[in-house]
Amino acid sequence: MRVKKAVVVITGASTGTGRATALRFAGKGASVVLAARRGEALEELAAECERRGGRALPVQTDVGNAGDDETLAARAVEHFGRIDVWVNNAAVTFFSPFLDVPLADFRRVIDVNVMGYVHGCRAALRQMQQQGSGVIVNVSSIVGEIPQPYTSAYSMSKAAVRALGVSLRSELKLNKQNRIKVCTVMPATIDTPFFQHGGNYTGRKAVAMPPVYTPDRVARTIVGLARSPKAETIVGPMGRMMVLQHRLAPRTMEGVMAVQVDKTHLSRKEPASAGPGNIHVPAPDGREAAAGGGWHGRRRTAQRRVAAGAALLAAAAGARAVLTRPGSRRH
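Under the UniProt record's numbering, the sequence shown has 242 at position 242, and the numbering climbs by one with no breaks.
What follows is the structure in structure tokens.
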């Protein structure tokens, strides 16, 4: 696909990976349809996309509502004539012990992160089947492969996104709709405002778990998939290593993930007040409407990769020692 001529719909476009993806597509000359809950942030992003050489249409959208996705698709087609790429990226999360999180927060994470992708895929596929071609990119996470403690709903949702991609690819193949592609992206930790925005019931501030990669790294991957679709792509060498290790030794790697979340994902120094964050209501317009989250993804990726690699090996050794103690159960 020629990205320069493409019409690209991006959900969760106001900050983080969505914003970086919009700017990268616009810089290639694409027409971008920008969807998120914050209208003013979308207007500002649309202006920036046009300054970079693309065309832009902001559409205030809550992907948790099926009708909003249908409206989004209709506006894209009405304005630009078609939909070549649909990027399902919008997501929310909380950090909480399983029994402490309010069920309303849990349901909302599933509504946005799973049903939002379902709504987006349905809206996109209807249009792409009429056109006979198109690419859907669903942003999952490595936690869809290796679930984390304290993010139960988010981990569930990202596993569901992977399953959705496999199922849709199978249907398209059986129906011989070979010019419609469904791709799944699985990033490691990305430097976005996502962690500041999340709900929190742990009493500990959520921080980005190292190593941290830039949102533009994911954006480059998504643009690359629009050109040359691939079923699943992991973003970040540490993420690739963790997924490989999980497939070779799942129990050990799950123990490593648990230790890493406790040590490096939740601060032991900074407290956090309990609350739902942006799960139900978006952050005010103008607040943290940026791609980066201040976690220094570009500057510190290399040193964090080394430190995290050492910590990962140490944690693996510790987890292995626990599992091999006399009396420990094996599966």
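All C-beta atoms, glycine included, are put in the ideal place defined by N, C-alpha and C.
Query                                                                                                            : Result
Cβ neighbour criterion (16 or more within 10 Å) applied to F98                                                   : exposed
D100 classed as buried or exposed, judged by whether at least 16 other C-beta atoms fall within 10 angstroms     : exposed
Range covered by the beta strand (DSSP E) that runs through residue 385                                          : Here the chain covers residues 1 to 331 and nothing more, so residue 385 does not appear.
According to DSSP, residues forming a beta bridge with N88                                                       : N138
Contact set for V135: own chain, Cβ-Cβ below 6 Å, skip 5 residues either direction                               : V85, K181, A226, P229
Ranges of the alpha helix (DSSP H) found wholly within the segment 113-201, counting only runs of at least 4     : 116-131, 152-174, 194-197
Pick from Q131, S141, P250 that is closest to V114, judged by C-alpha positions                                  : S141
Closer than 7 Å: P284 CB and nearest the ligand NAP heavy atom                                                   : Judged by which ligands are present, the structure shown has none, so any question about the ligand NAP falls away.
K269 versus Q260 - alpha carbon distance                                                                         : 16 Å
Assigned exposure category for R304 - 16 Cβ within 10 Å defines buried                                           : Reliability of the predicted coordinates at R304 is poor, the pLDDT of 45 falling under 50, and the value obtained from them is presented with this limitation in mind. R304 comes out buried.
Rounded C-alpha distance that separates F106 from A153                                                           : 6 Å
Collapsed DSSP secondary structure at I222 in the structure displayed                                            : helix
Which listed residue (V207, G275, I146) has its alpha carbon closest to that of T252                             : I146
Candidates N200, S14, A22, R82: closest to I222 by CA position                                                   : A22
Rounded straight-line distance, which links the Cα of N88 to that of A35                                         : 10 Å
Identity of the residue in V212, Y150, R19, V166 nearest G294 by Cα                                              : V212
Beta-carbon proximity check, R220 vs R19, cutoff 8 Å                                                             : no
Close-in-space but distant-in-sequence residues of the same chain around M128 (CB under 6 Å, 5 per side omitted) : G134, I180
At least three beta-carbon pairs within less than 8 Å, the segment 26-46 to the segment 57-73                    : yes
Sheet register partners of T11 (DSSP bridge)                                                                     : A35
Strand pairing of L23, partner residues [DSSP]                                                                   : None; L23 has no bridge partner.
T264 (DSSP reduced to helix, strand or coil)                                                                     : helix
Runs of alpha helix (DSSP H) wholly within the segment 51-90 (minimum 4 residues, chain order)                   : 66-80
Exposure of G53, with buried meaning 16 or more beta-carbon neighbours within 10 Å                               : exposed
Given H265 as reference, the closest of H280, N200, F80, I10 once Cα atoms are compared                          : N200
For T214, three-class secondary structure by DSSP                                                                : coil
6 Å Cβ shell around R287 - same chain, five flanking residues per side excluded                                  : Note that R287 scores a pLDDT of 49, beneath 50, so its modelled location is shaky; the value from the coordinates is reported in the next line. Excluding residues within five positions, none has a Cβ falling inside 6 Å.
Rounded C-alpha distance that separates H197 from F95                                                            : 11 Å
Beta-carbon proximity list for A258, same chain, < 7 Å, skipping 5 on both sides                                 : P149
Own chain, CB closer than 6 Å to F194, minus 5 neighbours either side, in chain order                            : G16
Assigned exposure category for V218 - 16 Cβ within 10 Å defines buried                                           : buried
Alpha-carbon to alpha-carbon, C49 and G29                                                                        : 9 Å
Unbroken alpha helix (DSSP H) run spanning R247, endpoints                                                       : 237-248
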